[in-house]
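Enquirer: The sequence shown begins at 1 in the working numbering and counts up one residue at a time.
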Amino acid sequence: MTKPLSEAVEKLKPSGIRKFFDLVSEMKDAISLGVGEPDFDTPWHIRDEGIFALERGKTFYTSNAGLKELRKEICSYLLRRQQLEYNPDKEILVTVGGSEAIDIGLRALINPGDEVIIPQPSYVSYEPCAILAGAKPVIINLKAENEFRLTADELKNAITPKTKVLILPFPNNPTGAIMERKDLEEIAGVIIEHDIYVMSDEIYAELTYKGEHLSIASLEGMKERTILINGFSKAYAMTGWRLGYVCAPERIIKQMTKIHQFAIMCAPTTSQYAAIEALKNGDDDVKEMKQAYNQRRRFLVNAFKEIGLNCFEPFGAFYVFPCIKEFKMTSEEFATKFLEEEKVAVVPGNAFGESGEGYVRISYAYSLDNLKTAIERLKKFIEKLRNNK
Numbered sequence: 001m002t003k004p005l006s007e008a009v010e011k012l013k014p015s016g017i018r019k020f021f022d023l024v025s026e027m028k029d030a031i032s033l034g035v036g037e038p039d040f041d042t043p044w045h046i047r048d049e050g051i052f053a054l055e056r057g058k059t060f061y062t063s064n065a066g067l068k069e070l071r072k073e074i075c076s077y078l079l080r081r082q083q084l085e086y087n088p089d090k091e092i093l094v095t096v097g098g099s100e101a102i103d104i105g106l107r108a109l110i111n112p113g114d115e116v117i118i119p120q121p122s123y124v125s126y127e128p129c130a131i132l133a134g135a136k137p138v139i140i141n142l143k144a145e146n147e148f149r150l151t152a153d154e155l156k157n158a159i160t161p162k163t164k165v166l167i168l169p170f171p172n173n174p175t176g177a178i179m180e181r182k183d184l185e186e187i188a189g190v191i192i193e194h195d196i197y198v199m200s201d202e203i204y205a206e207l208t209y210k211g212e213h214l215s216i217a218s219l220e221g222m223k224e225r226t227i228l229i230n231g232f233s234k235a236y237a238m239t240g241w242r243l244g245y246v247c248a249p250e251r252i253i254k255q256m257t258k259i260h261q262f263a264i265m266c267a268p269t270t271s272q273y274a275a276i277e278a279l280k281n282g283d284d285d286v287k288e289m290k291q292a293y294n295q296r297r298r299f300l301v302n303a304f305k306e307i308g309l310n311c312f313e314p315f316g317a318f319y320v321f322p323c324i325k326e327f328k329m330t331s332e333e334f335a336t337k338f339l340e341e342e343k344v345a346v347v348p349g350n351a352f353g354e355s356g357e358g359y360v361r362i363s364y365a366y367s368l369d370n371l372k373t374a375i376e377r378l379k380k381f382i383e384k385l386r387n388n389k
């Protein structure tokens, strides 16, 4: 009988994040620090706008690109926050989360055999999406000594005549690393010199704790070769609303919209109305949540110092990425043992690429009380490991 399944799909590994999420959901009194989901409710005025849209019967398809009012608000937001100017009619596409934007962006750009450069550790979807688009992933293993930033030399060494796209995942999940102006200017020079495109995933742009986030698209010569991806999940605590967007040159957006049209039709209508309210009146909510995350971030960094656990200070997103190499265990072994013995779930670093081996990702998108309890359990767990050496 003919094999029914795609070989490319069969070869894809399941997400290493979901495994531990599923385990902890069945464990009594367990604390999960594994999933990158804000513990805040979506701000009430945003929820209320979604409810009001339902009450008014706004339950029909929108245009494929999304509500025009929303696209205009996205443009206003990017101008206000990043000094970036986009045309709402030609350069913006509203998507089902940032993940859809990554998928259809790569499919719109890639021809079979093209290479996509992916710095790792990074978000688990990049490599599978590149493979499914027909690309060859070229991995750059980021280094802790560089604070997990991408350097111009690393990028130069990875580029070949087949290179088409660089994925730029900053602020970074899982490391919390950021790229500052000097870093981005050096990277931009390489991108322009070699005439490649960059897919800049900026879903954590609002969650930076060392100055303001700078988009590579704002640098001279970069807007026309940048596919900028963002969304509402992280900054506005709107994960379940499934809404993102992509900004890119018109010719790229046109092809992405074509794929979106056939595969999705349009992003959820109710979510789009709520997102308009978020962009218009949500700045104070973002500021309040960011302050809370920063407090948690500083608590964890100081706690690791007291425990003696090596961890560079992250300045973005809501993750810390401590090193556990001293215990001579794989990341998976450490995370499994920690969950079994202390009922705390963290994610093995190798879920985000081979260079994540020897680290674990801890999310601080959880309450300070939960984090304090988890740290006490981590301290106890590490003391046992050190005593048993």
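Idealized CB from N, CA, C, for every residue including glycine. The structure presented is a predicted model; accordingly, all values stated were derived computationally and were not measured.
By DSSP's criteria, Thr163 is part of a beta bridge. Which residues make up the other side?
Expert: In DSSP, Thr163 forms a bridge with Glu115.
Enquirer: So, using beta-carbon positions, are Leu12 and Ser355 closer together than 9 Å?
Expert: Not in contact: Leu12 and Ser355 (Cβ atoms no closer than 9 Å).
Enquirer: Among Pro121, Thr270 and Ala65, which residue has its Cα nearest to the Cα of Pro348?
Expert: Selected option, being the one with the closest Cα: Pro121.
Enquirer: Closest to Thr257 by C-alpha separation, out of Glu37, Glu180 and Ala65, would be which residue?
Expert: It is Ala65.
Enquirer: According to the Cβ coordinates, are Phe170 and Ser200 closer than 9 Å?
Expert: Yes, the pair counts as a contact, with Cβ atoms nearer than the cut-off.
Enquirer: So for Lys58, helix, strand or coil by DSSP?
Expert: The answer is coil: DSSP assigns Lys58 none of H, G, I, E or B.
Enquirer: Using only the alpha-carbon positions, how far apart do Leu300 and Phe334 sit?
Expert: One C-alpha to the other measures close to 18 Å.
Enquirer: Threshold first: 4 residues or longer. Then list the alpha helix (DSSP H) segments lying entirely within the segment 244-295, N to C.
Expert: Entirely contained in the segment 244-295, the alpha helix (DSSP H) runs reaching 4 residues are, in chain order, 250-263 and 269-281.
Enquirer: Three or more C-beta pairs closer than 8 Å, one from the segment 171-184 and one from the segment 251-270: is that the case here?
Expert: As far as the Cβ criterion goes, the segment 171-184 does not touch the segment 251-270, which means the pair count is below three.
Enquirer: Do Leu78 and Glu85 have their C-beta atoms within less than 9 Å of each other?
Expert: In contact: Leu78 and Glu85 (Cβ atoms closer than 9 Å).
Enquirer: Compute the Euclidean distance between the alpha carbons of Ala30 and Asn172, then round it to the nearest angstrom.
Expert: When rounded, the distance between both Cα atoms is 27 Å.
Enquirer: Name the residue from Glu10, Asp39 and Pro322 whose alpha carbon lies nearest to the alpha carbon of Met289.
Expert: Of the listed residues, the one whose Cα sits closest to Met289 is Asp39.
Enquirer: Is the CB-CB distance between Tyr319 and Ala275 below 9 Å?
Expert: No, the Cβ-Cβ distance between Tyr319 and Ala275 is not below 9 Å.
Enquirer: Can you tell me where the alpha helix (DSSP H) holding Ile191 begins and where it ends?
Expert: First-last of the alpha helix (DSSP H) with Ile191: Arg181 to His194.
Enquirer: Assuming Tyr197 and Lys164 are in contact, meaning their beta carbons sit under 8 Å apart, how far apart are those beta carbons, in whole angstroms?
Expert: Yes, Tyr197 and Lys164 are in contact; Cβ-Cβ is about 7 Å, under 8 Å.
Enquirer: Please identify the residue among Glu91, Glu100, Arg149 and Leu155 whose C-alpha is closest to the C-alpha of Val116.
Expert: The shortest C-alpha separation from Val116 is found at Leu155.
Enquirer: Closest to Glu313 by CA distance: which of Phe338, Thr336, Lys384 and Ile362 is it?
Expert: Closest by alpha carbon: Ile362.
Enquirer: Can you tell me whether Lys234 is buried or exposed? The criterion is at least 16 other CB atoms within 10 Å of its CB, across all chains shown.
Expert: It counts as buried.
Enquirer: Suppose contacts are defined by Cβ-Cβ distances below 9 Å. Is Pro43 in contact with Asp285 by that definition?
Expert: Contact flag set, yes.
Enquirer: Cα separation between Tyr359 and Leu339?
Expert: In a straight line, the C-alpha of Tyr359 is about 15 Å away from that of Leu339.
Enquirer: Output the distance between the C-alpha atoms of Lys287 and Gly97, rounded to the nearest integer angstrom.
Expert: Rounded to whole angstroms, Lys287 to Gly97 spans 22 Å at the Cα level.
Enquirer: Is the beta carbon of Ile118 sitting closer than 9 Å to the one on Ile92?
Expert: Cβ atoms of Ile118 and Ile92: not closer than 9 Å.
Enquirer: Using the three-state DSSP reduction, which class does Asn146 fall into: helix, strand or coil?
Expert: Correct three-state label for Asn146: helix.
Enquirer: Between the alpha carbons of Asn350 and Glu332, how many angstroms are there, rounded?
Expert: Rounded to whole angstroms, Asn350 to Glu332 spans 8 Å at the Cα level.
Enquirer: So who's on the other strand from Asn141, going by DSSP bridges?
Expert: Looking at the DSSP assignment, Asn141 forms a beta bridge with Gln120.
Enquirer: Report the three-state DSSP secondary structure of Ser200 (helix, strand or coil).
Expert: It is a strand residue.
Enquirer: Apply the 10 Å Cβ neighbour rule to Asp103 and answer buried if 16 or more other Cβ atoms are within range, or exposed otherwise.
Expert: Buried: at least 16 other Cβ atoms inside 10 Å.
Enquirer: Going by DSSP in three states, Lys380 sits in which element: helix, strand or coil?
Expert: Reduced to three states, the DSSP call for Lys380 is helix.
Enquirer: Under 9 Å between the Cβ atoms of Ile264 and Met222?
Expert: Cβ distance not < 9 Å, so Ile264 and Met222 don't count as in contact.
Enquirer: For the beta strand (DSSP E) containing Asn230, name the first residue and the last one.
Expert: Run containing Asn230: Thr226 to Gly231, per the beta strand (DSSP E) assignment.
Enquirer: Taking DSSP as the reference, what is the three-state secondary structure of Ala345?
Expert: Of the three classes helix, strand and coil, the one that applies to Ala345 here is strand, per DSSP.
Enquirer: Could you give the distance in angstroms between the alpha-carbon of Ser218 and the alpha-carbon of Gln82?
Expert: Going by the C-alpha atoms only, they are around 7 Å apart.
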